[in-house]
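Participant:
In the UniProt record's numbering, the protein residues as written are 1 to 115.
(1) Note down the Cα distance separating residue 13 from residue 1, rounded to an integer number of angstroms.
(2) Taking the C-alpha atoms as reference points, what is the distance between residue 19 and residue 52?
(3) Assuming the contact rule is C-beta atoms closer than 8 Å, residue 67 and residue 91 should be a hit. Round their C-beta distance to whole Å, please.
(4) Would you kindly report the start and end of the unbroken alpha helix (DSSP H) that includes residue 90?
(5) How big is the Cα-Cα spacing for residue 24 and residue 60?
(6) Nearest-angstrom Cα distance between residue 42 and residue 21?
(7) My assumption, with CB atoms under 8 Å, is that residue 7 sits in contact with residue 45. Please give the rounded CB distance.
(8) Using 10 angstroms around the beta-carbon of residue 47, count the other beta-carbons present and answer buried if the total reaches 16, otherwise exposed.
(9) Could you give the distance in angstroms between the alpha-carbon of residue 80 and the alpha-carbon of residue 105?
(10) Of all the options 9, 111, 112, 113, which has the alpha carbon lying nearest to the alpha carbon of residue 49?
(11) Please report the straight-line C-alpha distance between residue 133 and residue 103, rounded to a whole angstrom.
Structure below.
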């Protein structure tokens, strides 16, 4: 196993940390630990998923098309209405469900050490 804490630091596919881990460490199983897996943009999420499962999440552009295809047939940025945004969020949740274990602070607060 390769376990990376503060995994959100790998949101840029070309960052030094990602390059070093991919080049110098071979591990068939990888885990990212982070309190903020979802950043601001789909490519940032793709970079995390690509690190975890590069054979499934090969292409950032394909990943973006999975979510934007019905709305951006021209390949250009499209302003989405609320209904379209909700649809994309639901798709993201479906894709992420098998890869994400989320715990809210209120669920684990009693198990955390005092500050």
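For each residue, glycine too, the CB sits at the ideal point set by N, CA and C.
Facilitator: Looking at the coordinates:
(1) Whole-angstrom Cα-Cα distance: 20 Å.
(2) Using only the alpha carbons, I get a separation of about 13 Å.
(3) The beta-carbon separation of residue 67 and residue 91, rounded to 5 Å, stays under the 8 Å limit for a contact.
(4) It spans 82 to 96 - the alpha helix (DSSP H) in which residue 90 sits, taken as one unbroken run.
(5) Going from the Cα of residue 24 to the Cα of residue 60 covers about 23 Å.
(6) Going from the Cα of residue 42 to the Cα of residue 21 covers about 22 Å.
(7) The beta carbons of residue 7 and residue 45 sit about 11 Å from each other, so the pair does not count as a contact at 8 Å.
(8) Per the 10 Å Cβ criterion, buried.
(9) Those two C-alpha atoms are separated by around 32 Å.
(10) Nearest to residue 49 by alpha-carbon distance, out of 9, 111, 112, 113, is 9.
(11) Coverage of the chain is limited to positions 1 through 115, which leaves residue 133 absent and any answer about it impossible.
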